[in-house]
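*Asks:*
Below is the structure:
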């Protein structure tokens, strides 16, 4: 970069820390405001000599440290109490002791990052590689082992002759002028600048999108999730019929689904099945429940064939006819299972056991309708003797 | 050999001027690397490649290639993780705690120790990241709003670890960089190469050694040191919570946080001494990193070694005093069970060998300290092995007892982590000032004004 003829300031170099402290005291005492001291390392006592106010950096740390703590606690409270509460051994959702570590870490993180970024940007106004002092012999020497003082031309008291005289009286060496860099203004619509801006925007937004939506879902090695095995309902390249789900071997019987021997035979079987259930209150209750659900809409609550459907439909028969009473249990079971005339099969609504229980219940109904006086007497006796 | 300890020793020996100090420290960066450097780099890169290959196998076949299995589900991965984080702690201790304690001798070694912190934490991060099984999904460790509608569990010590280690790495890196800014400016003004000049200018951010900046800079240094101090203690405390918050006998102990922190400082100092002995020799820094510095570090090793020894004894005492059957068993099993060999390697390396540092002659002898610090490194690795593996291999249920044997991949990744660590160290010593130039200038004789006193 080219320098122009505009004076930025005057500089002088000193050899010892004592000299520079003395020089700093004198310069600040002379009333200059735009002056600076450049030393290869912080020289003790310089704050007082330059009459600097204490650094306010600590306030940045305090504010951001507290923000970090508040942010951490709010984040954990919202996620763990509001958005996705997890019951961990009955402990409170907001369990402060367990939140302390993360709170502490985020406090430190926020505080240190804010301190450093705040210092570099707001206190130092960095990055600044185009300052007039750069690339001067002066800077190279204060960078190494000399101590320099600088008075800026923008200071209202600045007078090149007076400043030079002041430096000479202090014993300054290599007193020299620092010229400003030629300012080159950049046009905001400079194609290069816009290009950089657009590239940055594309890279940042694309990178974020790619990371969160693609990168995190890329599985380089996925054979823990996808193994060589058949999944039912999926297409198969292995079997001829392209179906992954296989049919059972011919003749297989599913558990609890023993097929009915006389299925679809309209005629009554010659040798019907025996009722496997032993009469008990439980069997009758089951039979009653199923009878009232499935049979009573046509046959009536007591098997008389007198339901509401009478006259609206082929009249359902009574279950108390002589034919029915003489039938074996197996005959009734066959009709329930296979259906008869307009009566459909009930094998899908009732299990085998329920159908037999209904048969037992029908038998009880028949018995109740056709009991002789002696039998009723007997029944009453038994019940009273049982104390019912 | 007669040193008067009542007077403060000069930090820089040999009456070097400020310029000579700078030339000495900047020399490795301006010279072309020697064949020796390339040989060293070749060795560390070989180790690194061994680790990369082992990691490749681990990615490809899954963590099943390791020796981990029931009942020892945590082994080399967590052992190496704790070991590496522990090494890192010496750097923060030297740069932050000794800074707050006004130990000026720290200046000569702080930069290097901080660099080691950063490299060690990088190595440490590999192990838990890989142990997740599907490392490409490690982004899920962070709490960000996602389509799964899930959050991380903030009450889990493993999550605390994520926050502690990442914060520790960030803060250490920032602390390190802040220290480097004036040195980058020094290098910028020294160098003649165009590329170097551009890079040093970029990283120096335009630093001008202005006292108006130094004032805030020193303030920020105190603030960062003040934060780094509790941070370093918190990190190893949280690492110890990984164990202590569980209910496994041998892990469920309140002594763990201070015990782990002491152990971390112990092993970290040992590693710093191990590496510095070579660095000061190879780069002719004997006048800056003096034998007095090494002696002081050896004293810290002796002190922390005894703290660790105390913790070993106290664990045994509590195991007996608590009257808990399982706890008692675990400790007897540690000392006399199938892993007794590991236990006694740990005790002898960590408690017995450092006792030689009671003698000033041995403390100041390079060969002796070299042997002892290497023993300490080995012993501290075994301490983590003993804590992790012996507690797991026999816990409550005798029917599920087992014996853990590492596989070649476990060793490969361990070797690789050393390869990564030393490769980064080698690159660092060639690219950046190993000693903080501006800080060492400030503590050299005659660097501070006489009538204002150096007691600020």
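Residue numbers (this note's numbering), protein chains in the order written: chain A, 131 to 518; chain B, 72 to 527. Positions of the beta carbon are idealized from the N, C-alpha and C atoms, including for glycine. From a predicted model like this one, the values you see are computed outputs, not experimental measurements.
If you draw a straight line from the alpha carbon of residue 338 of chain B to that of residue 190 of chain B, how long is it in whole angstroms?
*Replies:* So the alpha carbons of these two residues sit roughly 15 Å apart.
*Asks:* Under 7 Å, Cβ to Cβ, is there at least one residue of chain B near residue 381 of chain A?
*Replies:* no
*Asks:* Can you tell me whether residue 292 of chain A is buried or exposed? The criterion is at least 16 other CB atoms within 10 Å of its CB, across all chains shown.
*Replies:* exposed
*Asks:* Can you give me the C-alpha to C-alpha distance between residue 458 of chain A and residue 376 of chain A, rounded to a whole angstrom?
*Replies:* 42 Å
*Asks:* Under 6 Å Cβ to Cβ from residue 152 of chain A, same chain only, skipping five residues before and after it: list those, please.
*Replies:* none
*Asks:* Are the beta-carbon atoms belonging to residue 168 of chain A and residue 287 of chain B less than 7 Å from one another?
*Replies:* no
*Asks:* Where does residue 142 of chain A land, buried or exposed, given buried means 16+ other C-beta within 10 angstroms?
*Replies:* buried
*Asks:* Buried or exposed, going by whether 16 or more other CB atoms sit within 10 Å of the CB of residue 210 of chain B?
*Replies:* exposed
*Asks:* Can you find a C-beta in chain A that's less than 7 Å from the C-beta of residue 131 of chain B?
*Replies:* yes
*Asks:* Under the rule that 16 or more other beta-carbon atoms within 10 Å means buried, what is residue 162 of chain A, buried or exposed?
*Replies:* The C-beta of residue 162 of chain A has 16 or more other C-beta atoms within 10 Å across all chains shown, which makes the residue buried.
*Asks:* Strictly by DSSP, which residues pair up with residue 309 of chain A?
*Replies:* A/137
*Asks:* What is the DSSP secondary structure of residue 189 of chain A, reduced to helix, strand or coil?
*Replies:* helix
*Asks:* Once you ignore the five residues that flank residue 418 of chain B on each side, which residues in its own chain have a CB closer than 7 Å to its CB?
*Replies:* 383
*Asks:* So, at 8 Å on beta carbons, what are the nonlocal neighbours of residue 509 of chain A in its own chain, with the 5 sequence-adjacent residues on each side left out?
*Replies:* 501
*Asks:* Verify whether the separation of the beta carbon atoms of residue 237 of chain A and residue 301 of chain A is less than 7 Å.
*Replies:* Cβ distance not < 7 Å, so residue 237 of chain A and residue 301 of chain A don't count as in contact.
*Asks:* Closer than 9 Å, Cβ to Cβ, to anything on chain B: give me those residues from the region 162 to 174 of chain A, in chain order.
*Replies:* 166, 167, 168, 169, 170, 171, 172, 173 and 174
*Asks:* Compare the C-alpha of residue 241 of chain B against each of B/380, B/202, B/186 and B/268 and name the closest.
*Replies:* B/186
*Asks:* Do residue 512 of chain B and residue 523 of chain A come within 7 Å of each other at the CB atom, strictly closer than that value?
*Replies:* Because chain A is modelled from 131 through 518, residue 523 of chain A falls outside the range shown and cannot be assessed.
*Asks:* At a CB-CB cut-off below 8 Å, which residues of chain A make contact with residue 123 of chain B?
*Replies:* By Cβ distance, chain A contributes nothing, its closest Cβ being about 15 Å from residue 123 of chain B, past 8 Å.
*Asks:* With burial defined as no fewer than 16 other Cβ atoms inside 10 Å of the residue's Cβ, what is the status of residue 498 of chain B: buried or exposed?
*Replies:* exposed
*Asks:* How should residue 329 of chain A be labelled, buried or exposed, when 16 other C-beta atoms within 10 angstroms of its C-beta is the threshold for buried?
*Replies:* exposed
*Asks:* Check this for me: beta carbons of residue 462 of chain A and residue 489 of chain A, under 7 Å apart or not?
*Replies:* yes
*Asks:* DSSP three-state label for residue 442 of chain A, please.
*Replies:* DSSP, reduced to helix, strand and coil, places residue 442 of chain A outside both helices and strands of the structure shown, so it counts as coil.
*Asks:* Specify the secondary structure class of residue 196 of chain B as computed by DSSP and reduced to three states.
*Replies:* helix
*Asks:* By alpha-carbon positions, which one of A/416, A/440, A/503 and A/446 ends up nearest to residue 480 of chain A?
*Replies:* A/416
*Asks:* For residue 270 of chain A, go through chain B and note every residue whose CB falls closer than 7 Å to its CB, in chain order.
*Replies:* 260
*Asks:* Mind checking if residue 497 of chain B is an interface residue toward chain A, Cβ cutoff 7 Å exclusive?
*Replies:* no
*Asks:* What residue does the alpha helix (DSSP H) around residue 360 of chain B start on, and which one ends it?
*Replies:* From DSSP, residue 360 of chain B is part of no alpha helix (DSSP H); its letter is neither H nor E.
*Asks:* Below 8 Å on the Cβ atoms is my contact criterion, and I expect residue 469 of chain A with residue 403 of chain A to pass it. Report the Cβ-Cβ distance as a whole number of Å.
*Replies:* 17 Å between Cβ atoms; not a contact.
*Asks:* Quick check for students: name the residue ranges of the alpha helix (DSSP H) that lie wholly in the region 267 to 331 of chain A, counting only runs of 4 or more.
*Replies:* 267 to 274 and 290 to 300
*Asks:* By the 8 Å beta-carbon criterion, what residues does the region 224 to 244 of chain A contribute toward chain B?
*Replies:* 225, 228, 229, 231, 232, 234, 235, 236, 238, 239, 241, 242 and 243
*Asks:* Look at the alpha carbon of residue 220 of chain B and the alpha carbon of residue 295 of chain B, and state the distance between them as a whole number of angstroms.
*Replies:* 37 Å
*Asks:* Listing by chain order, which chain B residues have their CB less than 8 Å from the CB of residue 188 of chain A?
*Replies:* 290 and 294
*Asks:* Could you check whether residue 451 of chain B and residue 348 of chain B sit closer than 7 Å to each other, using their CB atoms as the reference points?
*Replies:* no
*Asks:* Buried or exposed for residue 271 of chain A, going by 16 or more other Cβ atoms inside 10 Å?
*Replies:* Per the 10 Å Cβ criterion, buried.
*Asks:* Please report the residue range of the beta strand (DSSP E) in which residue 446 of chain B lies.
*Replies:* Per DSSP, residue 446 of chain B belongs to no beta strand (DSSP E); it is in the alpha helix (DSSP H), 437 to 456.
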